[in-house]
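Structure first, commentary second.
There are 4 protein chains.
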Amino acid sequence: VEGSDFSFAHEIRVRFAETDAQGIAHHAAFLVWLEEARIAYLDRFTGGYEHIREEGYEALTTGVHLEYQCAAAFHDLLRIRTRCCGLRGARFRYEYRVERDGEVVADGYTTHATVDRATHRPTRVPAWLVDAISAAEERPAS
Amino acid sequence: VEGSDFSFAHEIRVRFAETDAQGIAHHAAFLVWLEEARIAYLDRFTGGYEHIREEGYEALTTGVHLEYQCAAAFHDLLRIRTRCCGLRGARFRYEYRVERDGEVVADGYTTHATVDRATHRPTRVPAWLVDAISAAEERPAS
Amino acid sequence: VEGSDFSFAHEIRVRFAETDAQGIAHHAAFLVWLEEARIAYLDRFTGGYEHIREEGYEALTTGVHLEYQCAAAFHDLLRIRTRCCGLRGARFRYEYRVERDGEVVADGYTTHATVDRATHRPTRVPAWLVDAISAAEERPAS
Amino acid sequence: VEGSDFSFAHEIRVRFAETDAQGIAHHAAFLVWLEEARIAYLDRFTGGYEHIREEGYEALTTGVHLEYQCAAAFHDLLRIRTRCCGLRGARFRYEYRVERDGEVVADGYTTHATVDRATHRPTRVPAWLVDAISAAEERPAS
Numbered sequence: 001v002e003g004s005d006f007s008f009a010h011e012i013r014v015r016f017a018e019t020d021a022q023g024i025a026h027h028a029a030f031l032v033w034l035e036e037a038r039i040a041y042l043d044r045f046t047g048g049y050e051h052i053r054e055e056g057y058e059a060l061t062t063g064v065h066l067e068y069q070c071a072a073a074f075h076d077l078l079r080i081r082t083r084c085c086g087l088r089g090a091r092f093r094y095e096y097r098v099e100r101d102g103e104v105v106a107d108g109y110t111t112h113a114t115v116d117r118a119t120h121r122p123t124r125v126p127a128w129l130v131d132a133i134s135a136a137e138e139r140p141a142s
Numbered sequence: 001v002e003g004s005d006f007s008f009a010h011e012i013r014v015r016f017a018e019t020d021a022q023g024i025a026h027h028a029a030f031l032v033w034l035e036e037a038r039i040a041y042l043d044r045f046t047g048g049y050e051h052i053r054e055e056g057y058e059a060l061t062t063g064v065h066l067e068y069q070c071a072a073a074f075h076d077l078l079r080i081r082t083r084c085c086g087l088r089g090a091r092f093r094y095e096y097r098v099e100r101d102g103e104v105v106a107d108g109y110t111t112h113a114t115v116d117r118a119t120h121r122p123t124r125v126p127a128w129l130v131d132a133i134s135a136a137e138e139r140p141a142s
Numbered sequence: 001v002e003g004s005d006f007s008f009a010h011e012i013r014v015r016f017a018e019t020d021a022q023g024i025a026h027h028a029a030f031l032v033w034l035e036e037a038r039i040a041y042l043d044r045f046t047g048g049y050e051h052i053r054e055e056g057y058e059a060l061t062t063g064v065h066l067e068y069q070c071a072a073a074f075h076d077l078l079r080i081r082t083r084c085c086g087l088r089g090a091r092f093r094y095e096y097r098v099e100r101d102g103e104v105v106a107d108g109y110t111t112h113a114t115v116d117r118a119t120h121r122p123t124r125v126p127a128w129l130v131d132a133i134s135a136a137e138e139r140p141a142s
Numbered sequence: 001v002e003g004s005d006f007s008f009a010h011e012i013r014v015r016f017a018e019t020d021a022q023g024i025a026h027h028a029a030f031l032v033w034l035e036e037a038r039i040a041y042l043d044r045f046t047g048g049y050e051h052i053r054e055e056g057y058e059a060l061t062t063g064v065h066l067e068y069q070c071a072a073a074f075h076d077l078l079r080i081r082t083r084c085c086g087l088r089g090a091r092f093r094y095e096y097r098v099e100r101d102g103e104v105v106a107d108g109y110t111t112h113a114t115v116d117r118a119t120h121r122p123t124r125v126p127a128w129l130v131d132a133i134s135a136a137e138e139r140p141a142s
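Rendered as structure tokens:
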């Protein structure tokens, strides 16, 4: 996958608390970073996750697939290239490439479902959110 | 403080994800273990935290004081000796001694306040909970 | 996949710290539980992860694939059915089914590579570990 | 304590993964943020924690005291006002005030000891680090 295909990038710095006794970032920390990248994406393009919740929706994570290409170390600055794709009904998907100085550290995707915040029942991604994401993804790549 | 003064003990095993690049358990992990010990204490003596929430209460953590005497390592089996004390109005306090094979690894306390679950306003610890905790603390030490 | 195909099961109880503002267990917590299940598996069948490290090996996580079928809540008791398979050279794989009262909460797999602890270079899974895992997986299912 | 007394401030944004089922940031997350503030402080004034480790030292956390004045919520931008004080032999201390829009969310301190990285024995804070911290703390307050 070409890096230029990603509509968005978010940077994080590996925290000491995120390392483990192997001296590298623990693999579960990546899921937290991907979530932070999604939140930053929503902030940038859609009015933010808080807005989505206020409108009565919640987005659940229904799956994760991640491949770790090399280790990340304490204090590494990681660039999480992110795009949202595959909106269909209540479902959508984010794809990622985590890079350090252009080198791929990990890549993969997460899948999600929109639910009604009160009932937790699946509900279509609202049209305004579909439109905001489509507009974001049709932009010239950043 | 004598170990025999503690009314309760809860055991945890240090997870690999809880270690850091110093090769020891990260100091923030202790707060999660103390919370697990409080939950186990409430299960044992009061009908459980879920019951407290169902009754319309929430317990907030308002303070923490912890001194680390020595490092804990991956896979260490830690015994968290725990007692609840100082109930007054909406406030109460837990004290702890974290031990490994009888050696003190850390000790300290956390402070808490009971709030109404809906309003998050401070509200007196309910009488039934005061009674359950008093009964637990007056038992012969385990 | 039939539950009877899993050679091992490990139980965890969802911690309060593992929940998030959606009121359910955060999806990243599952990776920590799967790791705890792997550690317990190694304790049971191979002499433990500490032994593997003492022998000069380290096991890296190279990938994760997990599908969340339903939410887990605070205090839920989850049974993580686990098996190790696909040992080939330096690589192996664990498969999981996370259950609550027989209901599938999540399922998936993680992939791993054995490395030399000093150099972090890939190195074949040692024969004694292959043998221990083979013996575990050929047992009648528990 | 006056805010103007703090030599440094570091900002963090509350992650979704750091919230819990009470709908607020979990109290253990604060320890991770304080650590991130210390790392940023060392980056700014002393050449960074990595440099300290390369010089053969490690800094252990020996204690924490934190009082939570009010809850922090998902996505809150928190300003962690930080100063280092009380260097004596191998020991030193950081003090903090966590603010949101000028409101105090939490305050407290952590205590630390410098150890030899290889032996984990206490060892005096090296003179160059004492000097760097003294210079930082004698600056006009930021």
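Chains Y, R, W and E are the protein sequences, given in the same order. Using my numbering, you'd call the opening residue of the first sequence number 1 and step up by one each time. Using my numbering, you'd call the opening residue of the second sequence number 1 and step up by one each time. Using my numbering, you'd call the opening residue of the third sequence number 1 and step up by one each time. Using my numbering, you'd call the opening residue of the fourth sequence number 1 and step up by one each time. Even glycine gets a Cβ: it sits at the ideal position worked out from N, Cα and C. None of these values were measured; they are calculated from a predicted model.
Take the Cβ of residue i as the centre, count every other Cβ of all protein chains shown within 10 Å, and call the residue buried at 16 or more, exposed below.
i, result
"W/V64", "buried"
"Y/A135", "exposed"
"Y/E58", "buried"
"E/C84", "buried"
"R/T119", "exposed"
"R/A127", "exposed"
"E/R121", "exposed"
"Y/G56", "exposed"
"Y/L129", "buried"
"R/E2", "In this predicted model, R/E2 has a pLDDT of only 46, less than 50, meaning its place in the structure is not dependable enough to derive any value."
"W/G86", "exposed"
"R/E103", "exposed"
Check whether the Cβ atoms of residue i and residue j lie closer than 7 Å to each other.
i, j, result
"R/F8", "R/Y41", "yes"
"R/D116", "R/T123", "yes"
"E/L60", "E/I12", "no"
"R/T114", "R/A90", "yes"
"W/A72", "W/V105", "yes"
"R/R38", "R/Y109", "no"
Contact defined as beta carbons within less than 8 Å: I believe residue i pairs with residue j. What is the distance between those atoms, to the nearest angstrom?
i, j, result
"R/H10", "R/T111", "At roughly 19 Å, the Cβ-Cβ gap does not stay under 8 Å, so R/H10 and R/T111 are not in contact."
"Y/R15", "E/E54", "Actually they are not in contact, since the Cβ atoms of Y/R15 and E/E54 sit about 19 Å apart, beyond 8 Å."
"W/I133", "W/F45", "7 Å"
* Is the stretch 29-36 of chain Y close to the stretch 47-67 of chain E, with three or more CB pairs under 8 Å? -> no
* Asked: According to a CB-to-CB cut-off of less than 9 Å, which residues of the stretch 13-32 of chain E neighbour chain Y?
  -> R13, R15, F16, A17, E18, L31, V32
* Are the stretch 96-116 of chain W and the stretch 56-75 of chain W in contact at 8 Å, needing three or more beta carbon pairs? -> yes
* Asked: Can at least three beta-carbon pairs, one atom from the stretch 10-29 of chain R and one from the stretch 14-27 of chain Y, be found at a separation below 8 Å?
  -> yes
* Asked: Going along the chain, which residues of the stretch 35-69 of chain E sit with their C-beta nearer than 8 Å to a C-beta in chain Y?
  -> E35, E36, I39, G48, Y49, E50
* Asked: Can you list, in chain order, the residues of the stretch 71-87 of chain Y whose Cβ is nearer than 8 Å to any Cβ on chain E?
  -> F74, H75
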